[in-house]
Each structure stands twice: as structure tokens, then as C-alpha cells.
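Engineer: First the structure, then my questions, so here it is.
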Amino acid sequence: MSRSDRGRHSGQAMQIRFYATLRPIVGGRSVELSDPPDTIGAVLERLADDYDGLRTQLFDDDGTVRRFVAIMVDGRDIRHVEGLQSRVNPDSELDIFPPVAGGV
641 MSRSDRGRHS
651 GQAMQIRFYA
661 TLRPIVGGRS
671 VELSDPPDTI
681 GAVLERLADD
691 YDGLRTQLFD
701 DDGTVRRFVA
711 IMVDGRDIRH
721 VEGLQSRVNP
731 DSELDIFPPV
741 AGGV
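Yeah, the sequence shown ends on 744 if you go by my numbering, and it's all consecutive.
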């Protein structure tokens, strides 16, 4: 089960949580990514390769993260650190939020 090794537990697995409209795409609230790459950009690419439909939800046509997608690494928004070049390790926790809209 390559699909980002859902349910597999190893010492080198990164926990990735998805919210709202992203959950049906990945089949649940979270996945574990075994032997994760060392940048958030590479992690997102691997996830996009593993899950049909995820790429269009996360990235614009030019490959940048969509403006209102929020990606948090260990509680920090990647826009406030090094963006897609932000370093991660197997113990990192990722939270990925799709764009949401609201108002009165």
C-alpha cells in the first residue's frame, strides 16, 4: 500500500493530517509517510503523486502552493519560514488545510 503508507508504523514515518475537503481525497483524517523527504516541497510532491486529485487542490498551474492553502509544519505556517524549502524530519507533524471561505 504505497498510498503514503496509511496505517503503517515505523520509526521513520511522518504524520500528516488533512482537513475538510482534502480528507476524501486521501481517504481519511491522516496518513503516515514512511522515509519522508527532507523538504516540505518534496513531501507535497510525493503526496500529490500518491493521491489522485491532491495536486490540483494544493498547487497552482505553475507549481506554487495555492494562495489560500495553509500548510503547517510543527505548528508553524510554511509561509513564515522557508516556504516549500522548509526542512522537515520524520518526527515533523504536518497539517494541510484547503482553502476555506466565509463571511456574513
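Every residue gets a Cβ at the ideal spot worked out from N, C-alpha and C, and that includes glycine.
Do P738 and L662 have their beta-carbon atoms positioned less than 7 Å apart in this structure?
Structural biologist: Counting from 1 along the sequence shown, the entry for residue 662 is found at position 22. Counting from 1 along the sequence shown, the entry for residue 738 is found at position 98. Yes, Cβ-Cβ distance for L662 and P738 is below 7 Å.
Engineer: Excluding the 5 residues flanking V740 on each side, which residues of the same chain have their C-beta closer than 8 Å to its C-beta?
Structural biologist: Residue numbering aside, residue 740 sits at position 100 when the sequence shown is read from its first letter. If we look at V740 and ignore the five residues flanking it on each side, its Cβ neighbours are A660, F708.
Engineer: Just confirm the distance between the C-beta atoms of V683 and P677, as a whole number of angstroms; I'd bet it's less than 8 Å.
Structural biologist: Walking along the sequence shown from the start, residue 683 turns up at place 43. Walking along the sequence shown from the start, residue 677 turns up at place 37. The Cβ separation is near 6 Å, so the contact holds.
Engineer: Going straight from the alpha carbon of A653 to that of R706, what length do you get?
Structural biologist: Walking along the sequence shown from the start, residue 653 turns up at place 13. Walking along the sequence shown from the start, residue 706 turns up at place 66. If you take the alpha carbons of A653 and R706, they lie about 26 Å apart.
Engineer: My assumption, with CB atoms under 8 Å, is that I736 sits in contact with I711. Please give the rounded CB distance.
Structural biologist: Residue numbering aside, residue 736 sits at position 96 when the sequence shown is read from its first letter. Residue numbering aside, residue 711 sits at position 71 when the sequence shown is read from its first letter. Their Cβ separation, rounded to whole angstroms, is 5 Å, which keeps I736 and I711 in contact under 8 Å.
Engineer: Just checking my contact of Q725 with G667 at CB under 8 Å: how many whole Å lie between their CB atoms?
Structural biologist: Taking the first residue of the sequence shown as 1, we reach residue 725 at position 85. Taking the first residue of the sequence shown as 1, we reach residue 667 at position 27. At roughly 29 Å, the Cβ-Cβ gap does not stay under 8 Å, so Q725 and G667 are not in contact.
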